[in-house]
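Take a look at the structure set out below.
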């Protein structure tokens with residue numbers, strides 16, 4: 004009985020998000036870690052797979068992510084994001100580090116390190 008409870012605890016711990024800023028949340032489904040727009044009751048609209056680092060301000064989310072083992076910088080325009088928005092309309096990237104630094108200066112997206 005104790006081993007079943009322990010296994011359930013580990014499963015729940017492994018599935019819990021490690022970053023959250025409403026309405027955004029990191030979640031894990033079928034072994035894939037994703038950043039998404041939380042709808043509540045465990046529902047999400049995916050935005051970026053395999054996030055590594057995330058920085059945020061009132062206007063933008065900056066994300067360094069490695070979807071499909073190809074790493075790059077992304078940003079999300081929070082002003083235009085909502086539960087009906089398509090990812091391609093609010094997620095921009097992947098960008099090189101040089102491109103991202105240029106946007107940091109030009110648009111003021113939050114500064115972010117790759118690791």
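In the numbering used here, the protein residues as written are 4 to 118. Even for Gly, the Cβ is constructed at its ideal location relative to N, Cα and C.
Near residue i, which residues of its chain fall below 8 Å by C-beta distance, leaving aside the five closest residues on each side in sequence?
i           : result
residue 116 : 56, 67
residue 54  : 22, 29, 36, 37, 38, 66, 67, 68
Starting from the C-beta of residue i, find all residues in its chain whose C-beta is less than 7 Å away, skip the five residues before and the five after it, and write them out in chain order.
i          : result
residue 59 : 24, 113
residue 86 : 40, 42, 48
Report the rounded CA-to-CA distance for residue i versus residue j, giving the unit in angstroms.
i           : j          : result
residue 111 : residue 81 : 13 Å
residue 95  : residue 65 : 10 Å
residue 89  : residue 50 : 9 Å
residue 63  : residue 52 : 17 Å
residue 84  : residue 70 : 21 Å
residue 103 : residue 44 : 34 Å
residue 106 : residue 33 : 33 Å
residue 98  : residue 75 : 6 Å
For residue i, I'd like the list of residues in its chain whose CB is within less than 6 Å of its CB, leaving aside the five on either flank, ordered along the chain.
i          : result
residue 47 : 30, 39, 41
residue 26 : 40, 41
residue 78 : 63, 65, 95, 112
For residue i, which of helix, strand or coil comes out of DSSP?
i           : result
residue 92  : helix
residue 70  : helix
residue 104 : helix
Quick one: is the Cβ of residue i within less than 7 Å of any heavy atom of the ligand NAP?
i          : result
residue 77 : Because no ligand of any kind appears in the structure shown, any question about the ligand NAP cannot be addressed here.
Does residue i have its Cβ less than 8 Å from a Cβ in chain B?
i          : result
residue 81 : Protein chain content of the structure displayed is limited to a single chain, and chain B is not contained in it.
inquiry  = Restricting to runs no shorter than 3 residues, where is the beta strand (DSSP E) found entirely within the segment 17-64?
reply    = Runs of the beta strand (DSSP E) inside the segment 17-64: 27-32, 35-43, 46-52, 54-59.
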